[in-house]
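Comments concern the structure below.
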Amino acid sequence: MSTIGSTIAGTIRPERPLASGRNGERRPLSLIFLMLLWLSLLIAFGVLVTLVITIIIDGQGQFSWRLFTEFPASDPDRAGARPAILGSAWVIGTTAVMTIPLGVAAAVHLEEFADKKNWFNRMIELNVQNLAAVPSIVYGLLALAFLTMLGVRDKNIVIAGALALSLLILPVIIISTREALRAVPQEIRQGSLALGATQWQTTWRQTLPSAVPGIATGSILALSRALGEAAPLLVLGALVFVSFDPNGLLSGYTTLPIQIFNWTGRPQEGFHQLAAATSVVLLGLLVIMNGLAITIRNRYQKRW
Amino acid sequence: MTDTTESTTAPTMHLQARAADAFLPDEPRGILQVENVDVYYGSFRAVTDVNLKFGLNEITALIGPSGCGKSTLLRSLNRMNDLVDGARVEGKVLFQGEDMYGPKVDPIEVRRRIGMVFQKPNPFPKSIYDNIAYGPRVTGMRVSNMDDLVEEALTKAALWNEVKDKLKQSAYGLSGGQQQRLCIARTIAVKPDVILMDEPCSALDPIATTRIEDLMHDLRNDYTIVIVTHNMQQAARVADRTAFFTALADEGTGDRTGVLVEYGKTTQIFEHPVDQRTEDYISGRFG
Chain A
32 MSTIGSTIAG TIRPERPLAS GRNGERRPLS LIFLMLLWLS LLIAFGVLVT
82 LVITIIIDGQ GQFSWRLFTE FPASDPDRAG ARPAILGSAW VIGTTAVMTI
132 PLGVAAAVHL EEFADKKNWF NRMIELNVQN LAAVPSIVYG LLALAFLTML
182 GVRDKNIVIA GALALSLLIL PVIIISTREA LRAVPQEIRQ GSLALGATQW
232 QTTWRQTLPS AVPGIATGSI LALSRALGEA APLLVLGALV FVSFDPNGLL
282 SGYTTLPIQI FNWTGRPQEG FHQLAAATSV VLLGLLVIMN GLAITIRNRY
332 QKRW
Chain B
2 MTDTTESTTA PTMHLQARAA DAFLPDEPRG ILQVENVDVY YGSFRAVTDV
52 NLKFGLNEIT ALIGPSGCGK STLLRSLNRM NDLVDGARVE GKVLFQGEDM
102 YGPKVDPIEV RRRIGMVFQK PNPFPKSIYD NIAYGPRVTG MRVSNMDDLV
152 EEALTKAALW NEVKDKLKQS AYGLSGGQQQ RLCIARTIAV KPDVILMDEP
202 CSALDPIATT RIEDLMHDLR NDYTIVIVTH NMQQAARVAD RTAFFTALAD
252 EGTGDRTGVL VEYGKTTQIF EHPVDQRTED YISGRFG
């Protein structure tokens, strides 16, 4: 019974001095594992950095304010992406207006009101999660079929593009809103209900306001995904050469990814540079949106 | 003089009950009454056949070991159990003579008249002022002056002097004990008749606990209070009457269910318990 190394129920702890000169954290296996982790990080980060640097170098010849102010032209040195930038703004804005209220409402119903044991609700839940993983082009085809059914002839309009992108990000918004609602502690709901508030008042005045930062973050990230999509819009016949500003929901449009896609396919070197420069603009927009999402999350994050 | 010598020489395990029950009627004047109540979660019966009468303007403590169903019973006294999937109450819970589980009863109104304070302080993520004003606003109370109501509620909860200069600040800046008093103030603001407290001091330090206990004494003049506590000294200090519960195993299934063992004045329960199980529990031999 005199030392730490004595037996307890038949087990023996090996007697080893504290200052053995070895470091358990520096054993070969630990080091190899640590190095593998670093390597993974390096590969992921390296690819990203290479990509960004490449397009910046490629596009540097065409960087100028002309990109924001001029219409596409047959001469790469006079062409700009103005209609694409405005078109992206129109489509994403419309998508946001259409999707966020719908997605939040669906999530509130599923999370706060629906009976979670009901098989129908559980099936919806499962399907929402599956829909979030469906490739974007499928939503393009879905929107195409839907609009054809409605008898819409010109499907290359802002509202049609927004419809396809809404379908694409609706499941993402529903899922992130549910996560945000679930993060609001049950005690807040109980406290409200115990005062004689109805479930509706509790949701509207306590749960939902507390979840707003999470909902905003999720929605912005979903919209930034929609911003980068070209496939569903191309399926709907979005224009690739637009020499006018889009001016309404029924207006024709092009977006940044489509413009980039179009320019990349041209034979002239100047257009390739233009595509690279426009990619940098698109990347910049995405960074700004994601930065906004992170700022909102950090700033309004609730510490319960 | 004799009183003090008595209490100093009392054995350590002996719990000194409050001496003020000379005015306590032998039978509680019931405002809230439980008749043959069983509470189920799905097919599991958590509480079996409880009969209790909670006296008007009295503090009643529900004590007993973990799993004896005292919190479950408490939550069925203002229909908070409705919110738990599969929970149901059989038997009658009468509030001012009316069965609160009757078909025409609005659970929202029940909860407004019978407020609840929870184990962990749960202020809303709003200002101190809005925490108090929330209840009156959502329940549609006609309030002539909200500022006065907020002051009254905070004063009654013995918190006004500490927070009067920072009413617009977040309730999350308060200490745990202050938060719990805020939750009591918030409950008072909707003018309930009964306040249910589910281990209100278990997350608080001894000083904050003492303040809440003092507060309960003050509130007894206006409200009927039912408190669940794990702390027997607390029951002895604050309660007029005490109900002791224990868990019994069903002979067939082995499922444990909560039953009421003994109910009486706190002095009687702690000094002359009738049931052997009560005596074992309060003297620390069990649970």
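Top to bottom, those sequences are chains A and B. Heads up: take any position in the first sequence, counting from 1, add 31, and you land on the numbering used here. Heads up: take any position in the second sequence, counting from 1, add 1, and you land on the numbering used here. Backbone N, C-alpha and C define an ideal beta-carbon position, used for all residues, glycine too. The structure displayed is predicted, hence computed values, not measured ones.
Residue 222 (chain A) to residue 227 (chain B), Cα distance in whole Å?
-> The count along the first sequence starts at 1 and reaches residue 222 (chain A) at position 191. The count along the second sequence starts at 1 and reaches residue 227 (chain B) at position 226. So the two alpha carbons sit approximately 17 Å from each other.
If you measure from the beta carbon of residue 332 (chain A) to each beta carbon in chain E, is any gap under 8 Å?
-> In the structure shown, chain E cannot be found, because the protein chains are A and B.
Between which two residues does the beta strand (DSSP E) containing residue 94 (chain B) stretch?
-> Counting from 1 along the second sequence, the entry for residue 94 (chain B) is found at position 93. From DSSP, the beta strand (DSSP E) with residue 94 (chain B) extends over 88-96.
Determine whether the Cβ of residue 282 (chain B) lies closer than 8 Å to any Cβ atom of chain A.
-> Position 281 of the second sequence, counted from the first residue, corresponds to residue 282 (chain B). Taking Cβ atoms only, chain A never reaches closer than 8 Å to residue 282 (chain B), which makes this a no.
Quick one: what's got a C-beta closer than 7 Å to residue 39 (chain B)'s C-beta in the same chain, skipping five residues either side?
-> If you number the second sequence from 1, residue 39 (chain B) lands on position 38. Cβ within range, chain order: 46, 48, 49, 50, 91, 92.
Own chain, CB closer than 7 Å to residue 231 (chain B), minus 5 neighbours either side, in chain order | On the second sequence, position 230 is the one that residue 231 (chain B) refers to. Taken in chain order, the residues that qualify are 200, 203.
Closest by C-alpha distance to residue 287 (chain A), when choosing among A:297, A:278, A:306 = Reading the first sequence from its first residue, position 256 is the one you call residue 287 (chain A). Per the Cα distances, A:306.
Please report the Cβ distance between residue 257 (chain B) and residue 68 (chain B), rounded to the nearest whole angstrom; I am assuming they are in contact, meaning their Cβ atoms lie under 8 Å.
-> Taking the second sequence and counting its residues from 1, one reaches residue 257 (chain B) at position 256. Taking the second sequence and counting its residues from 1, one reaches residue 68 (chain B) at position 67. With a Cβ gap of about 6 Å, residue 257 (chain B) and residue 68 (chain B) count as contacting.
Beta carbon of residue 114 (chain A) nearer than 8 Å to that of residue 276 (chain A) = Taking the first residue of the first sequence as 1, we reach residue 114 (chain A) at position 83. Taking the first residue of the first sequence as 1, we reach residue 276 (chain A) at position 245. Taking 8 Å as the Cβ cut-off, residue 114 (chain A) and residue 276 (chain A) qualify as a contacting pair.
So which residues of chain A does residue 48 (chain B) contact, with C-beta pairs closer than 8 Å?
-> For the purposes of this step, residue 48 (chain B) is identified with residue 47 of the second sequence, where counting begins at 1. Near residue 48 (chain B) there are no residues of chain A at all, since even the closest Cβ is about 20 Å away, more than 8 Å.
With DSSP run on the structure shown, which of helix, strand or coil describes residue 288 (chain B)?
-> As a working mapping, residue 288 (chain B) is identified with position 287 in the second sequence. With a pLDDT of only 44 at residue 288 (chain B), under the threshold of 50, the placement of this residue in the model should not be trusted; the figure read from the coordinates follows. In the structure shown, residue 288 (chain B) sits in coil (DSSP, three-state: anything other than H, G, I, E or B).
Which of helix, strand or coil DSSP assigns to residue 156 (chain A) | On the first sequence, residue 156 (chain A) is found 125 positions in, with the first residue counted as 1. Helix.
Does the beta carbon of residue 214 (chain A) sit closer than 8 Å to a beta carbon anywhere in chain B?
-> As a working note, residue 214 (chain A) is residue 183 in the first sequence. Not an interface residue.
Beta-carbon proximity list for residue 124 (chain B), same chain, < 6 Å, skipping 5 on both sides = The sequence position of residue 124 (chain B) within the second sequence is 123, counting from 1. These residues qualify, in order along the chain: 132, 172, 180, 183.
If contact means a Cβ-Cβ distance below 9 Å, which residues of the segment 232-255 of chain A contact chain B?
-> 232, 233, 236, 237, 240, 241
Under 8 Å between C-beta atoms of residue 308 (chain A) and residue 94 (chain A) | By one-based count along the first sequence, residue 308 (chain A) stands at place 277. By one-based count along the first sequence, residue 94 (chain A) stands at place 63. Yes, these two residues count as a Cβ contact at 8 Å.
Would residue 110 (chain B) count as contacting chain A if we go by Cβ distances under 8 Å?
-> Along the second sequence, read from residue 1 onward, the residue named residue 110 (chain B) stands at position 109. By this cut-off, residue 110 (chain B) is an interface position.
Residues that residue 55 (chain B) bridges to, as DSSP identifies them | One-based indexing of the second sequence puts residue 55 (chain B) at position 54. Answer by DSSP bridge pairing, in chain order: B:33.
So residue 242 (chain B) is in the beta strand (DSSP E); what residue range does that whole segment cover?
-> Locating residue 242 (chain B) in the second sequence gives position 241, counting from the first residue. First-last of the beta strand (DSSP E) with residue 242 (chain B): 242-250.
What span of residues does the alpha helix (DSSP H) with residue 219 (chain A) cover, start to end?
-> For the purposes of this step, residue 219 (chain A) is identified with residue 188 of the first sequence, where counting begins at 1. Start and end: 217-225.
Put residue 265 (chain B) into one of helix, strand or coil per three-state DSSP.
-> The residue given as residue 265 (chain B) occupies position 264 in the second sequence. Strand.
Residue 191 (chain A) and residue 172 (chain A) look like a contact to me (Cβ under 8 Å); what is the Cβ gap, rounded to whole Å?
-> Here residue 191 (chain A) refers to the residue found at position 160 of the first sequence. Here residue 172 (chain A) refers to the residue found at position 141 of the first sequence. Contact check for residue 191 (chain A) and residue 172 (chain A): beta-carbon distance about 13 Å, past the 8 Å limit, so the pair fails to qualify.
With 8 Å as the C-beta to C-beta threshold (strictly closer), list the residues of the segment 83-103 of chain B near chain A in chain order.
-> Those would be 84, 86, in chain order.
Using 8 Å as the threshold, is the segment 50-61 of chain B in touch with the segment 213-225 of chain B, meaning 3 or more CB pairs across them?
-> yes
C-beta contact flag for residue 220 (chain B) and residue 266 (chain B) at 8 Å = If you number the second sequence from 1, residue 220 (chain B) lands on position 219. If you number the second sequence from 1, residue 266 (chain B) lands on position 265. No, they are not a contact pair.
Buried/exposed call for residue 273 (chain B), threshold 16 Cβ in 10 Å = The sequence position of residue 273 (chain B) within the second sequence is 272, counting from 1. Exposed is the call here.
Applying a beta-carbon distance threshold of less than 8 Å, which residues of chain A neighbour residue 125 (chain B)?
-> In the second sequence, counting from the first residue as 1, residue 125 (chain B) sits at position 124. Neighbours of residue 125 (chain B) on chain A, chain order: 219, 222, 223, 237.
In three-state DSSP terms, what is residue 99 (chain B)?
-> Looking up residue 99 (chain B) in the second sequence gives position 98. In the structure shown, residue 99 (chain B) sits in a strand (DSSP, three-state: E or B).
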